[in-house]
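Student:
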Amino acid sequence: MTPLPPFIRGIRDKLVVSFAALVAAIAIFVFLYFPARLEHQALRATIAKADVIREMTAYSVASGLLFNDRAAVSEALVGAAVEDVSYLVVWDDSGRVVASRGAVTVPPGSPLPRPGGEISGDGRNYVSTTTVRSGARRVGTLSVGLSLAPLRAEAALSRRIGALVGTLIFIFGLVVIYVISAYLTRPLTALSLTVNRIAGGDLTLRAAEAHDEEVAQLVRAFNRMIDTLVGTQAELAAMNAELESRVSERTAALTLAIEEQRRSQDALVLSEGEARRARALLEALIDVAPQAIVATDTQGRVTRWNHGAERMFGWTASEVLGRPVPYLPAIQSGVSSDGGPEFSTTARANAQEVTRRRKDGTSFSALLGVGIMRDEDQRPIGFIDFFTDLTERKRLEEQLRQSQKMDALGRLAGGIAHDFNNILTIITTCSELMLMRPRSAKDRAQLQEISGAAARAAALTRQLLTFTRQQVVQVRALDVATVVGDFVPMLRRVLPANIQFTTDFDAAHGQVMADPTQLEQVVMNLVVNAADAMPQGGALRMETRHVDVREAIVNGDPMPAGPYTVLSIEDTGTGIDDETIAKMFDPFFTTKGVGKGSGLGLATTYAIVAGLGGTIRVRSTPGRGATFRVYLPEASASAPASAAITVPQPAGTVAQRSGTILLVEDELPVRRVVRGLLQRAGFEVWEATNGEEALAIAQERGDQLNAVVTDMMMPGMSGRTLASELAVLSPKLGVVFISGYAELTAEGELVSDARHVFLQKPFTNAQLVAAIERVCP
């Protein structure tokens, strides 16, 4: 503590000094506060006055500045130069002084003052600056200087008055304090002398009572205190010793308890941290799991709903938490099998396939596994359900079953077509040979009917081969709009007159790799189906467009990304329901009456498009027509066209030829009719039943052969192997391959040699002769 000055010795001195300081503080406060307050109020009044003058003057000069009228601006300044205004200055928007009034000098090129108010550097004026606007347009700047001389004079007067009042307060207070202190401290001085003596160790001494009641009470209390002090001094010493002993013992015990608590707290903090990390990891695993994870209490109310559940079912967590599970189908709403009160709480449920409902009302299959949550006493407190969406799996399984069924059906169809083409070859060639001889009109009509039926059967077989992707094709780069556009006149002749047929072909797209005949077949099948859906007439529209599939999704189904040419055929017919759409591309499926449809049109169309790497999408509403969209992948501009491997279809009679032909065919009936065709055309024919026999003949008399006609599929050596062996013996020997289906194309080994030609069964005499002439002209 800082020692007091030597002249402050007792209570009286302290009272005098203390109250003197208080009175002095009051006097100083009066001297400083009131003048300052008056000065502040005067300054605020000056600022308000300057702002009013500034705003009125700005309003007066705005129009003059807008129209650059200096005289109007100067006249407005004259009216604003009221008392106490030191100067007025107006600048235009470019920073030039337009007018000024009063004792002010603005140097050229000086910057414009900023808007606002401030005291000038010399302290003589308060300067208020504002931006002058005309409407929303800024037209200049105005500064108003207001003299502070009246303010300073008023402030000086208030300070003089404050000093006088403060001095009077200080003098009067000192006199009052001195009188009071002298009267109060006289009995206290006597008491202090007695206290000093008792403090010296004389506890038998007592203070004398004074006349003042308050001081007398103080003396009596002091004397009683001394009496009590003497009596309790001994007790205090004993208690002090005992207290020190207890404090020591308590301190030791407290130290041990604090150390134990510190260890427990450290262990608790570590345990809580591990628990938080484990919980955070569990929460993260639940949220990132692809499966839907749903926790419920024993009453079936949702307590946990992860992100997978939001994606699978469509409800957000905020929509289901605390409520019954929403995904049960209506027929199961009263029986909860996953987390409800009816679920068995004595054993875990095995994974099972169930049907559940999404928020949009659709149902789907899911694999459900249920676990039971228990408390510390092993009592069930809830359930946790794990759902795996089986929609994609079932779709893939259905696609696999469909693919296997299509593959098996394709193999069956291919085998049947192979044998059937051999039979048709016999029928076609025999009827053709019989027509070459003179016949009656009745016989000729019957033979022509047989020939026509064989042609229709051959067309049906070609559809089967196309469906099984075993038909010989001539794939090359072509423009869909051009091919379809050239085919439009044929389509117009096929369509009934009550159908309005329009087209819109966009030629601004790339080419596709396709067989033009197959593409025409696709268009014909789709157009005929659309016409059949409009028996009372309607509108049919066909168009082509270019699309760039970037998201690899079309109508919800995956499709490789890239550029596509889209052929759209839209009708206004009866439409197609979802059940029919699901089966419409199945082979032999038809909604037409018996004898009105083979069920191969759309299946063949689907097979052709799939073979070209494309896909078909159908959109239809019953009663509102249907739209078929064929997506064909576009090829690069430099894509080469495949070599043609079929022969032309000549017509008319066949002229007589000469030469020796080696015929290799394991089927005796086919060999007989082909031999008859060749002999009828003038060729000498050598026969072989298999490849080994044919190779032996060629080795013995190969120099006499002009061409070889061989079946592709034979026991032992195949036609392709025979051709390879013959190429070694006679490189220039031409070979005509015949078969019921196109093995070369099916295996990806197209015959592109000019001396090798493939001929599809059944064929005519003219086609066979033309093929032979092609390999040996």
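Numbering (the working numbering), first residue to last: 1379 to 2155.
Beta carbons are placed, not taken as given, at the ideal position from N, Cα and C, and that holds for glycine.
Beta-carbon within less than 7 angstroms of Gly1951's beta-carbon, same chain only, minus the 5 sequence neighbours each way: which residues are those?
Tutor: Looking up residue 1951 in the sequence shown gives position 573. Within the same chain, Gly1951 has close Cβ partners Ala1908, Ala1911, Met1912, Gly1916, Gly2003, Ala2004.
Student: Distance, Cα to Cα, Val2129 vs Leu1897?
Tutor: Taking the first residue of the sequence shown as position 1, residue 2129 is located at position 751. Taking the first residue of the sequence shown as position 1, residue 1897 is located at position 519. Since pLDDT at Val2129 reaches only 45, below the 50 mark, its modelled position is unreliable, and the value read off the structure follows with that caveat. Taking the straight line joining both Cα atoms gives about 22 angstroms.
Student: According to the neighbour-count rule (16 or more other Cβ atoms, all chains shown, within 10 Å of its Cβ), is Phe2006 buried or exposed?
Tutor: Locating residue 2006 in the sequence shown gives position 628, where the first residue counts as 1. It is buried - the Cβ of Phe2006 has at least 16 other Cβ atoms within 10 Å.
Student: Quick check: the Cα distance between Asp1738 and Thr1983, rounded to an integer number of angstroms?
Tutor: Reading the sequence shown from its first residue, position 360 is the one you call residue 1738. Reading the sequence shown from its first residue, position 605 is the one you call residue 1983. Going from the Cα of Asp1738 to the Cα of Thr1983 covers about 34 angstroms.
Student: Less than 7 angstroms between the C-beta atoms of Ser1521 and Val1543, yes or no?
Tutor: Position 143 of the sequence shown, counted from the start, is the residue given in the question as residue 1521. Position 165 of the sequence shown, counted from the start, is the residue given in the question as residue 1543. Cβ atoms of Ser1521 and Val1543: not closer than 7 angstroms.
Student: Over the uninterrupted alpha helix (DSSP H) stretch that includes Pro2047, give me the two end residues.
Tutor: Start at 1 with the first residue of the sequence shown, and residue 2047 comes out as number 669. Start and end: 2046-2058.
Student: Under a Cβ-count criterion, where at least 16 other Cβ atoms within 10 Å of its own Cβ denotes burial, should Gln1639 be classed as buried or exposed?
Tutor: The count along the sequence shown starts at 1 and reaches residue 1639 at position 261. With fewer than 16 other Cβ atoms within 10 Å, it is exposed.
Student: Could you give the distance in angstroms between the alpha-carbon of Arg1624 and the alpha-carbon of Ile1555?
Tutor: The residue you call residue 1624 lines up with position 246 of the sequence shown. The residue you call residue 1555 lines up with position 177 of the sequence shown. Using only the alpha carbons, I get a separation of about 53 angstroms.
Student: Going along the chain, which residues of its own chain have a beta-carbon closer than 6 angstroms to the beta-carbon of Glu1532, five neighbours each way excluded?
Tutor: For this step, residue 1532 is matched to residue 154 along the sequence shown. Result list for Glu1532: Ala1420, in chain order.
Student: For Asp1665, which of helix, strand or coil comes out of DSSP?
Tutor: Within the sequence shown, the letter at position 287 stands for residue 1665. Reduced to three states, the DSSP call for Asp1665 is helix.
Student: Please list the terminal residues of the continuous alpha helix (DSSP H) segment that includes Ser2102.
Tutor: Walking along the sequence shown from the start, residue 2102 turns up at place 724. First-last of the alpha helix (DSSP H) with Ser2102: 2097-2107.
Student: Report the option in Glu1613, Thr1572, Leu1614 whose CA atom is closest to the CA atom of Arg1598.
Tutor: Within the sequence shown, numbered from 1, the residue matching residue 1598 stands at position 220. For Arg1598, the nearest C-alpha among the options comes from Thr1572.
Student: Straight-line CA distance for Ser2117 to Thr1807?
Tutor: On the sequence shown, residue 2117 is found 739 positions in, with the first residue counted as 1. On the sequence shown, residue 1807 is found 429 positions in, with the first residue counted as 1. When rounded, the distance between both Cα atoms is 15 angstroms.
Student: Could you have a look at His1924 and say whether DSSP puts it in helix, strand or coil?
Tutor: Here residue 1924 refers to the residue found at position 546 when the sequence shown is read from its first residue. DSSP places His1924 in strand when its eight states are reduced to three.
Student: So Gly1760 and Asp1675 are supposed to be a Cβ contact under 8 angstroms. How far apart are they, rounded?
Tutor: Taking the sequence shown and counting its residues from 1, one reaches residue 1760 at position 382. Taking the sequence shown and counting its residues from 1, one reaches residue 1675 at position 297. Confirmed, Cβ separation roughly 5 angstroms.
Student: What are the residues that DSSP puts in a beta bridge with Trp1693?
Tutor: Taking the first residue of the sequence shown as 1, we reach residue 1693 at position 315. Trp1693 is not bridged to any residue.
Student: In or out: Gln1889 buried (at least 16 other Cβ within 10 Å) or exposed?
Tutor: Along the sequence shown, read from residue 1 onward, the residue named residue 1889 stands at position 511. It counts as buried.
Student: Three-state secondary structure (DSSP) at Arg2079?
Tutor: Taking the first residue of the sequence shown as position 1, residue 2079 is located at position 701. DSSP places Arg2079 in helix when its eight states are reduced to three.
Student: Which residue comes first and which comes last in the alpha helix (DSSP H) that contains Ala1459?
Tutor: Counted from its first residue, the sequence shown places residue 1459 at position 81. First-last for Ala1459: undefined, no H or E at that position.
Student: If you compare alpha carbons, which of Gly1651, Glu2103, Val2042, Asp1462 is closest to Met2092?
Tutor: The count along the sequence shown starts at 1 and reaches residue 2092 at position 714. With distances taken between Cα atoms, Met2092 lies closest to Val2042.
Student: How many angstroms separate the CA atom of Val1996 from the CA atom of Asp1964?
Tutor: By one-based count along the sequence shown, residue 1996 stands at place 618. By one-based count along the sequence shown, residue 1964 stands at place 586. If I take the Cα positions, the gap works out to 14 angstroms.
Student: Applying the 10 Å Cβ sphere with the 16-neighbour rule, what's the burial state of Met1617?
Tutor: Reading the sequence shown from its first residue, position 239 is the one you call residue 1617. Exposed is the call here.
Student: Identify, in the order they occur along the chain, each residue of the same chain with its Cβ nearer than 7 angstroms to the Cβ of Thr1724, setting aside the five sequence neighbours on each side.
Tutor: Position 346 of the sequence shown holds residue 1724. Caution is warranted here: a pLDDT of 42 is assigned to Thr1724, below 50, making its placement in the model unreliable, and the coordinate value is therefore given only provisionally. Nothing listed; no residue qualifies.
Student: Pull the bridge partners of Glu1496 from the DSSP assignment, please.
Tutor: Residue 1496 sits at position 118 when you count from the first residue of the sequence shown. Val1505.
Student: To the nearest angstrom, how far is it from the Cα of Phe1463 to the Cα of Glu1453?
Tutor: To locate residue 1463, count along the sequence shown from 1; it is residue 85. To locate residue 1453, count along the sequence shown from 1; it is residue 75. Inspection of the sequence shows that residue 1463 is occupied by Val rather than by Phe. Cα-Cα distance, rounded: 16 angstroms.
Student: State the DSSP-derived secondary structure class of Phe2136, mapped to helix, strand or coil.
Tutor: For this step, residue 2136 is matched to residue 758 along the sequence shown. It is a strand residue.
Student: Have a look at Gly1979, Arg2049, Ser1946 and flag the residue whose alpha-carbon is nearest the alpha-carbon of Ser2188.
Tutor: The question about residue 2188 has no answer, for the chain in this structure spans 1379 to 2155.
Student: Using the rule of at least 16 other Cβ atoms within 10 Å of the residue's Cβ for burial, across every protein chain shown, is Pro1413 buried or exposed?
Tutor: As a position in the sequence shown, residue 1413 is number 35, starting the count at 1. Buried: at least 16 other Cβ atoms inside 10 Å.
Student: Should Thr2142 be labelled buried (16 or more other beta-carbon atoms within 10 Å of its own) or exposed?
Tutor: For the purposes of this step, residue 2142 is identified with residue 764 of the sequence shown, where counting begins at 1. So Thr2142 counts as buried.
Student: Mind checking whether Gly2112 and Val2147 have CB atoms under 7 angstroms apart?
Tutor: As a working note, residue 2112 is residue 734 in the sequence shown. As a working note, residue 2147 is residue 769 in the sequence shown. No, Cβ-Cβ distance for Gly2112 and Val2147 is not below 7 angstroms.
Student: At a cut of 8 angstroms, does the region 1645-1655 reach the region 1731-1749 through at least three beta carbon pairs?
Tutor: With the cut-off at 8 angstroms, the region 1645-1655 and the region 1731-1749 do not touch.
Student: If we ignore side chains and look at the alpha-carbon of each, how far apart do Glu1957 and Ser1741 end up?
Tutor: Translated into positions along the sequence shown, residue 1957 becomes position 579. Translated into positions along the sequence shown, residue 1741 becomes position 363. If I take the Cα positions, the gap works out to 17 angstroms.
Student: Skipping 5 residues on each side, what residues in its chain have a beta carbon closer than 6 angstroms to that of Thr1694?
Tutor: Here the question's residue 1694 lines up with position 316 in the sequence shown. Hits under 6 angstroms: Glu1688.
Student: Report all residues from its chain with a CB closer than 6 angstroms to the CB of Leu1869; omit the five preceding and five following residues, and keep chain order.
Tutor: Start at 1 with the first residue of the sequence shown, and residue 1869 comes out as number 491. If we look at Leu1869 and ignore the five residues flanking it on each side, its Cβ neighbours are Val1905.
Student: So for Gln1826, helix, strand or coil by DSSP?
Tutor: Taking the first residue of the sequence shown as position 1, residue 1826 is located at position 448. Here Gln1826 sits in helix by DSSP.
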